[in-house]
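Everything on this sheet refers to the single structure shown next.
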Amino acid sequence: MTLYLKNALHIDWKTLNFKEAHIAVSTLKEDSLKLIEQLPPADELAKQDTILDCRGKLVTRAFGCGHHHIYSTLARGMPAPLKTPRNFVEKLEYVWWHIDKNLDLEMIQASALASALFCAKNGVTFVVDHHASPFSVKGSLATIRDAFDAVGISHLLCYEISDRDGETSTLEGLAETDEYLSGGNQGLVGLHASFTVGDNTLGKAVELATKHNSGIHIHVAEDQADQKQCLETHQKRVIERLSASGALKLPKTILGHCIHLDKTEQNLLKDSNAWVVENVESNLNNNVGLANYGLYGDRIMLGTDGMHSDMLRSAKAAFFVGQTTEGIDFPGIYQRFRNVHAYLESNGFKGDSDNNLVVLDYDPPTEITADNFLGHFLFGLDSRHVESVISNGKLIVKEGELQTMDEAEILTFAREMGTKLWEKLKRK
Ligand SMILES: [Zn+2]
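Residue numbers (the working numbering): 1 to 428.
Following this line, the structure appears as structure tokens:
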């Protein structure tokens, strides 16, 4: 099956070269994208081939999210917490852990469908998710996988294992991960954070990641509390602890945040194979501090931390914050925005080939060229310009409409599940 994007202005996401062309997009990876001079004559088109008129539109590589939490989707507009949090750990206890403990599989399905819908409409065709639902662990990853597949979003999932809810929940998290990875699904071994994971669980998680040729996905030093607990309990800092566990040797390992690292940790990180994901909007919201990621090496990606599903927004936020924290420039932030592709490709993950594209209906008040594209990327291009989206060669959003599922049905289901969740939140 071939999709033809007729009369497009193609922007090569690596070189930023502009070329007017027709684009032939295939569902097959090896034949995924070709720029062609002429469309095939009508009698040579296969029955299932499609032509989309892209005159006046920009076409470039779709986007990816390096760190998401679909479990927070139903939090938007929720009732105030029963107690007012005074710091980061209390925010986890009174808000996020209160939510994730009350999730059931139906709510998880609604959360994943709605997040996948938002990703699709924002041009995000690949999501790395970090999931928690400590009293509804079994089957949670397959539920998210099926929802993402139904919408047409590729994924790299994990279950956020921790010791915070007792041994049964820890064992269920390890079992869910093992079962998911044993089933041939691509995924990671998730851990919440150093301060909620004891040595036994950390060891088992690294063992599991090694067994499945996978990596660890964990929050690191998001708040000083993580470092303080690590020093008191383990007499070392978080990156030193993770390094000693073997987690940082694995090239699939993802470390979220890494806000409070000292010089030794920065050097350990640079010498490791792990990737870091920055999520500055979440850090601002939680008031946990900000990091100079320029000190951590080149393996830095961008995420949303579940705040939203809009990577153009994440890139802008990282740029504005990065000017203060590290004097980041236009190419520097664009590189981080696109590093998710390097992470996925270098680790052999599926679902992020050249046949993932966005069609942008962008009508700027000034000229746009290869030379000034990054200025438009940071100060002009928004998710509202995403008109059509191609995921793995398939048109999943056409002229603003989701093609794979009924958008209104997804949102109605999500609202119903949101109301059910909020009732539970008020009770405990
Ligand atoms: Zn996170």
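Ideal placement from N, C-alpha and C gives every residue a C-beta, glycine not left out.
- Listed by position in the chain, the residues whose beta carbon lies within less than 5 Å of some heavy atom of ligand 1 are Gly256, Asp305.
- For the segment 75 to 132, the continuous alpha helix (DSSP H) assignments of 4+ residues that do not extend past its boundaries occur at 88 to 91, 97 to 101, 105 to 121, in sequence order.
- By the 16-neighbour rule on beta-carbons within 10 angstroms, serine 245 is buried.
- Here aspartate 100 is buried, its C-beta having at least 16 other C-beta atoms within 10 Å.
- If the five residues before and after aspartate 163 are omitted, its C-beta is found closer than 7 Å to the C-beta atoms of Thr170, Thr196, Val197, Gly198, Thr201, all from its own chain and listed in chain order.
- For proline 134, the closest C-alpha among the options Gln109, Asp104, Leu5 is that of Asp104.
- For methionine 311, there is no enclosing beta strand (DSSP E); the residue is found in the alpha helix (DSSP H) stretching over 311 to 325.
- Shown here for alanine 75: same chain residues with a beta carbon closer than 7 Å to its own, the five before and five after excluded, namely Ile99 in chain order.
- Taking a contact as a CB-CB distance under 8 Å, the pair valine 358 and glycine 123 counts as one, their CB atoms being some 4 Å apart.
- The beta strand (DSSP E) runs lying completely inside the segment 371 to 411 and spanning 3 residues or more are 386 to 391, 394 to 398, given in chain order.
- With a cut-off of 8 Å on Cβ pairs, the segment 102 to 116 is not in contact with the segment 282 to 291, counting fewer than three such pairs.
- Shown here for lysine 138: same chain residues with a beta carbon closer than 7 Å to its own, the five before and five after excluded, namely Glu172, Glu176 in chain order.
- Cα atoms of serine 391 and isoleucine 51: separation of roughly 16 Å, rounded to the nearest angstrom.
- Ranking Thr27, Arg299, Phe319 by CA distance to the CA of aspartate 271 puts Arg299 first.
- The three-state reading of DSSP puts aspartate 53 in strand, counting E and B together.
- The three-state secondary structure of tyrosine 362, taken from DSSP, is coil.
- The segment 256 to 265 makes contact with the segment 218 to 226; the number of CB pairs closer than 8 Å reaches 3 or more.
- When Cβ pairs closer than 8 Å are counted between the two stretches, the segment 141 to 154 is seen to touch the segment 403 to 416, the count reaching three or more.
- When only Cα atoms are considered, cysteine 54 and glycine 187 end up about 35 Å apart.
- In this structure isoleucine 70 touches serine 111 by the C-beta definition: roughly 5 Å separates them, less than 8 Å.
- Shown here, lysine 236 sits in coil according to DSSP, grouped into three states, outside any helix or strand.
- Taken in chain order, the whole alpha helix (DSSP H) runs of length 4 or more contained in the segment 127 to 184 are 140 to 151, 167 to 182.
- Residue state for lysine 424 is assigned as helix, using DSSP reduced to three classes.
- Bridge partners of cysteine 65 according to DSSP: Val127.
- For tryptophan 13, no pairing in a beta bridge is given by DSSP.
- Collapsing the DSSP output to three states places lysine 47 in coil.
- With fewer than three CB-CB distances shorter than 8 Å, the segment 29 to 40 does not count as touching the segment 74 to 88.
- DSSP places lysine 19 inside the beta strand (DSSP E), whose first and last residues are 18 to 26.
- Here glycine 306 carries a coil assignment [DSSP, helix/strand/coil].
- Distance from the Cα of phenylalanine 379 is smallest, within the candidate group Gln48, Ser72, Lys316, Phe349, for Lys316.
- The C-beta distance from valine 277 to glycine 66 rounds to 4 Å, short enough to fall under 8 Å.
- Exposure of alanine 46 is indicated by the presence of fewer than 16 other C-beta atoms within 10 angstroms of its C-beta.
- DSSP lists Val277 as the beta-bridge partner residues of methionine 301.
- Residue burial annotation: glutamine 323 is exposed, with fewer than 16 other C-beta atoms found within 10 angstroms of its C-beta.
- Sequence-distant Cβ neighbours of serine 214 in its own chain, meaning closer than 8 Å and more than five residues away, are Leu181, Gly187, Leu188, Val189, Leu208, Leu250, Lys252.
- Annotated as distal: valine 386 and isoleucine 396, with beta-carbon spacing of 7 Å or more.
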